[in-house]
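I have placed the structure first, in the form of structure tokens, so that the comments after it can refer back to it.
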Amino acid sequence: MTNPTPDQPGTAPAPLPPALVSAILRDPDSPLYPSKIVVFCDDCGTEVAGEFMVSTEQTSAERLEVARAHFRGQGWQCDESGDYCPDHADQPAAGGRQDEARP
1222 MTNPTPDQPG
1232 TAPAPLPPAL
1242 VSAILRDPDS
1252 PLYPSKIVVF
1262 CDDCGTEVAG
1272 EFMVSTEQTS
1282 AERLEVARAH
1292 FRGQGWQCDE
1302 SGDYCPDHAD
1312 QPAAGGRQDE
1322 ARP
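First residue of the sequence shown? That's 1222 in my numbering, and the numbers climb one at a time after it.
Right, dumping it as structure tokens:
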């Protein structure tokens, strides 16, 4: 499980120690809970999944960003243009990121 926010901007969230995850889950007042989040490559459909600690106070988009931040650290390109696996990062998909292909 990973933290809901990176320690520093531009870095992937650090994994939480098992003892901390256990303490969070035992605390009835904790707003954090584990959630499986899947990200799909918009070009080839490859999927990558992970379990992340998210908060009841986060929107769906904010929870997705927790996973996207983690997967960016594994070579994925996740931004306003979409989500792309390492094999398709920085490559415009058919009908996709045409703004990068303009002369």
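Ideal Cβ placement from N, Cα and C applies to all residues, glycine included.
{"Query": "Classify R1293 as buried or exposed, calling it buried when 16 or more other Cβ atoms lie within 10 Å of its own Cβ.", "Result": "buried"}
{"Query": "From P1239 to E1272, what does the alpha carbon distance come to, in whole angstroms?", "Result": "13 Å"}
{"Query": "Just tell me which of D1264, E1268 and L1285 has its CA closest to the CA of H1309.", "Result": "D1264"}
{"Query": "Compare the C-alpha of P1249 against each of T1277, R1289 and G1266 and name the closest.", "Result": "T1277"}
{"Query": "Closest by CA to L1253, which one among V1260, R1284, P1307 and C1262?", "Result": "R1284"}
{"Query": "For the beta strand (DSSP E) that P1255 lies in, which residues bound it at each end?", "Result": "L1253 to F1261"}
{"Query": "Among Q1295, R1247, Q1279 and E1301, whose alpha-carbon lies nearest the alpha-carbon of V1269?", "Result": "Q1295"}
{"Query": "Starting from the C-beta of G1303, find all residues in its chain whose C-beta is less than 6 Å away, skip the five residues before and the five after it, and write them out in chain order.", "Result": "D1263"}
{"Query": "Should T1267 and C1306 be called a contact, given that it needs their Cβ atoms to be closer than 8 Å?", "Result": "yes"}
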